[in-house]
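To start, the structure under review is shown below, and the notes come after it.
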Amino acid sequence: MDNGPEDRRFIEQAASGDRRAFGELVTRYQRRLFRFVFMLLKSKDGTDDVVQDAFVNAWQALATFEPDKPFYPWLSTIARNLALNRLKREARQTQASEMEDEFEKIPDRALNPLDKLIEKENDRVLARAVMSLPEQYRTVFVLRMIEKMPYEKIAEQLNISPGTVDSRLHRARAKLMEMLKEHL
Amino acid sequence: MLDNEKKHLIERYFDSQLDESGVADAMRLLEQSDEARVYYDELKALAEQAEGLMLDGDDDFWRAQKESILDRIAAEDEKKIVPVKAARKFWRLRTLAVAASVILVGVITIYEVKRYPDFDRPKEDAMPRMAPAIVDTAITNVPDEEAVKKGPITPKAEPRAVEDEKASPPPEPSIATEQVMMAEMQAMTHEKGVEWQTPGIEPQGEGKLDVAGSNLIQPSMHHEEITLEQGMEALDRGRIEESTKQPAAVEPESREAVGIKPRELAKPETAKGKISDIPLMSVDELLRKTSKPGDTSGGEVIIRSGRAGEVAFVKEKETLRGGADFVLSDKDVSVVGMTVEEVDSLAYWSGRLDSLEIALAETGSPHYRMAVAKAARQTMAADSTAVDSMRWHYAEALYKTAMLSGDTVDIRPHLDKLSRLKEQSGGDLAEIIARYMSDLESRKK
Chain A
0 MDNGPEDRRF IEQAASGDRR AFGELVTRYQ RRLFRFVFML LKSKDGTDDV VQDAFVNAWQ
60 ALATFEPDKP FYPWLSTIAR NLALNRLKRE ARQTQASEME DEFEKIPDRA LNPLDKLIEK
120 ENDRVLARAV MSLPEQYRTV FVLRMIEKMP YEKIAEQLNI SPGTVDSRLH RARAKLMEML
180 KEHL
Chain X
321 MLDNEKKHLI ERYFDSQLDE SGVADAMRLL EQSDEARVYY DELKALAEQA EGLMLDGDDD
381 FWRAQKESIL DRIAAEDEKK IVPVKAARKF WRLRTLAVAA SVILVGVITI YEVKRYPDFD
441 RPKEDAMPRM APAIVDTAIT NVPDEEAVKK GPITPKAEPR AVEDEKASPP PEPSIATEQV
501 MMAEMQAMTH EKGVEWQTPG IEPQGEGKLD VAGSNLIQPS MHHEEITLEQ GMEALDRGRI
561 EESTKQPAAV EPESREAVGI KPRELAKPET AKGKISDIPL MSVDELLRKT SKPGDTSGGE
621 VIIRSGRAGE VAFVKEKETL RGGADFVLSD KDVSVVGMTV EEVDSLAYWS GRLDSLEIAL
681 AETGSPHYRM AVAKAARQTM AADSTAVDSM RWHYAEALYK TAMLSGDTVD IRPHLDKLSR
741 LKEQSGGDLA EIIARYMSDL ESRKK
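From first to last, the protein sequence lines stand for chains A and X. Going by our numbering, the first sequence opens with residue 0, and the numbers climb by one from there. Going by our numbering, the second sequence opens with residue 321, and the numbers climb by one from there.
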């Protein structure tokens, strides 16, 4: 997605230290970024932290950003790295075997904010289904289906092979198809 | 019912992950199978729904998040500013402290250098490889040859700086140090079975040096010694500091100070001949004859010491256009720990005409002979006398270093250079050089 003229103006103003202009960029992209991170982390608090950190990091690195390039992919890359690092930290605290093949149930604490954030019922169902996927499948699905990343990029990001991306995506879809059969 | 493999094929088709044959297979499947088409539609719906999944929520949540982000940004900016200010403040303080330290060190250094002009003199025992530099050859307190015969001379315990303070009036210089060193050199060469004879120079008087009465060297020509590193550093700057100016009065060195151990001085009997029989060629004499030593008070000094007495003789070629090659750049220099590049750089950076003094000393080991070369820079007219003088110096240096070189050192380059010098010289100097060559040839045999 290319930056519109307003985006570009806000980016240039923000890069020169205008926090108000940067606030406009926050307004424009915070929901989309939050959705993406929330799908990965399933935790509202964690998502809030990551999104804030991503914007703060972007602000600090804005001088290095080229205004001609699309802003959101750059921002989402920052957020993705933060979110995946957070997932790694959390994974180290959890037995990997527990996560391997067993689909998780959506934690109740994740449902409440989700219900508040998503008004459409179909979207809520989809979000719940995605968030019920094990992390490995959910991550691949979100990066592919929500962030539209190519297989190779996903593989590079997650340090896995493109074939593994393919198989994980296939399993995630199969599960989601089964869960969402009535809604698709 | 589509099997898992076909579903996977359709998914990869949907994601554009197939090659041409795979695409053909997928399209064929979609054409032939209703279930495949349904699955494809479901995939498409899932993708659209995922893509269209939007988080709405209430505005308060997003507004609060935005404010939080902006607050954090403001806080980060504040964090940036405060440390930067502090850092700048400390940076200034640090800079001031460093500057003050540098100034203090500089002042102390200048003071100490003035107080102890030869502070960097290498200690014999501590630095056996360094040749004891001859600060100047005008030494008055060295006994005459009779005194040398009598036995060792107790080295002075007082530092030279103290002696300097006591030096009033300046003593009359002499060349006795040269004499002693030449005696040592003779002893060394005799150890190697080589007759030491410096042709062409007649001993003064009745074959002896007029030590006490010698006024060959004026105090004004004394040179402060500097190390090679110091000299090179100064040369790299394109000049040598005026700090090399000579003091008005210099207390002569003890033999200990000039690097000749009493033990060696005490055994002239190891030489085949007596000291009184040694024909002495003094650099001081050469200087007296040709170098106008009185003009050297502001001269610059380059000292090079090394094993076996190889020296670098520095001369600006402009002055001696068409003259002898005064740069000693034979491979032999490596023997004494001096690279050809070092010699060349000395030659390159050197200024006008230089004088050369060679001091020889025994460090106690017959296998570890040392020599000191002191090149004193001075202004001199490039007349024929001066050129001959420098040729003589150079010939002398070649001769001495060849004589002192170990048996494994090839002295042919020395002979070649001497031959060239001889061709360029005339009269007495040519005769002297011929004798040098003859002497070396006999040694070679």
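All C-beta atoms in this analysis are idealised placements derived from N, C-alpha and C, irrespective of residue type, glycine included.
Where residue i falls, given that 16 or more other Cβ within 10 Å makes a residue buried
i, result
"X/G342", "exposed"
"X/E359", "According to the sequence displayed, residue 359 of chain X carries Tyr and not Glu. Looking at its Cβ environment, which holds 16 or more other Cβ atoms inside 10 Å, X/Y359 is buried."
"A/Q59", "exposed"
"A/E5", "exposed"
"A/K41", "buried"
"X/D335", "buried"
"A/Q29", "buried"
"X/T415", "exposed"
"X/S739", "exposed"
"A/I145", "buried"
"A/I117", "buried"
"X/F410", "exposed"
"A/R91", "exposed"
"X/V418", "exposed"
"X/K327", "buried"
"X/A395", "exposed"
"X/K386", "buried"
"X/E716", "buried"
"A/A57", "buried"
"X/E325", "exposed"
"X/E331", "buried"
"X/I430", "exposed"
Euclidean distance between Cα positions of residue i and residue j
i, j, result
"X/L760", "X/A754", "10 Å"
"A/V25", "A/R18", "10 Å"
"A/L142", "X/E398", "35 Å"
"A/F9", "A/W73", "15 Å"
"A/A62", "A/F70", "13 Å"
"X/R624", "X/L413", "Annotation note: pLDDT 31 at X/R624 (below 50); position unreliable, coordinate value reported separately. Spanning the two alpha carbons is a distance of roughly 43 Å."
"X/L718", "X/E432", "37 Å"
"A/A14", "A/N80", "22 Å"
"A/K180", "X/D361", "12 Å"
"X/Q744", "X/R763", "24 Å"
"A/A53", "X/E340", "40 Å"
"A/E11", "X/A365", "38 Å"
"A/K68", "X/E371", "22 Å"
"X/G746", "X/I752", "10 Å"
"A/E65", "A/G3", "14 Å"
"A/M148", "X/S421", "59 Å"
"A/A20", "X/R383", "15 Å"
"A/M178", "X/I393", "42 Å"
"A/L83", "A/E151", "17 Å"
"A/G16", "A/I153", "33 Å"
"A/P162", "X/L350", "The sequence as given places Gly at residue 162 of chain A; Pro does not occur at that position. Their backbone Cα atoms lie some 23 Å apart in a straight line."
"A/D44", "X/S353", "46 Å"
"A/I159", "A/R127", "26 Å"
"X/V427", "A/I77", "56 Å"
"X/D380", "A/R7", "27 Å"
Integer Cβ distance of residue i from residue j, believed to fall under 8 Å
i, j, result
"X/A367", "X/L322", "Actually they do not touch by this definition, with Cβ atoms about 18 Å apart."
"X/K737", "X/M757", "Not a contact, Cβ separation roughly 10 Å."
"A/R231", "X/M374", "This structure cannot speak to residue 231 of chain A, because chain A is shown only from 0 to 183."
"X/L363", "A/R172", "7 Å"
"A/G22", "X/L390", "5 Å"
"A/I85", "A/V49", "Note that residue 85 of chain A is Arg in the sequence shown here, rather than Ile. Yes, they are in contact, since the Cβ atoms of A/R85 and A/V49 sit about 6 Å apart, within 8 Å."
"X/L735", "X/W712", "Not quite, the Cβ-Cβ distance comes to about 17 Å (not below 8 Å), so this is no contact."
"A/L32", "A/S75", "6 Å"
"X/Q369", "A/N121", "7 Å"
Whether residue i touches residue j by CB criterion (8 Å)
i, j, result
"A/Y136", "A/R88", "no"
"A/T46", "A/V36", "yes"
"X/Y333", "X/A346", "yes"
"A/K174", "A/L132", "yes"
"X/S388", "A/Q156", "no"
"A/V164", "A/V129", "no"
- Item | Interface positions of the segment 22–46 of chain A facing chain X (Cβ-Cβ less than 9 Å), listed along the chain | So the close ones are G22, V25, T26, Q29, R30, R31, F33, R34, F37, M38.
- Message: Counting only Cβ-Cβ distances shorter than 7 Å, please list the residues of the segment 383–400 of chain X near chain A, keeping chain order.
- Response: Considering only beta carbons, the part of the segment 383–400 of chain X lying closer than 7 Å to chain A consists of Q385, K386, S388, I389, L390, R392, I393, A394, E396, in chain order.
- Message: Output needed in chain order: residues of the segment 51–62 of chain A with a Cβ under 7 Å from some Cβ in chain X.
- Response: Of all residues in the segment 51–62 of chain A, Q51, F54, V55, W58, Q59 have a Cβ within less than 7 Å of some Cβ in chain X.
- Task: Could you name the residues of the segment 161–182 of chain A whose beta carbon sits closer than 9 Å to any beta carbon of chain X, in the order they occur along the chain?
- Result: Those residues of the segment 161–182 of chain A placed with their C-beta closer than 9 Å to a C-beta in chain X are P161, D165, S166, L168, H169, R172, A173, L175, M176, L179, K180, H182, ordered along the chain.
- Message: So if I threshold CB-CB distances at 8 Å, which residues from the segment 324–336 of chain X count as touching chain A?
- Response: When CB distances to chain A are screened at a threshold of 8 Å, the residues of the segment 324–336 of chain X falling below it are N324, K327, H328, E331, R332, D335, in chain order.
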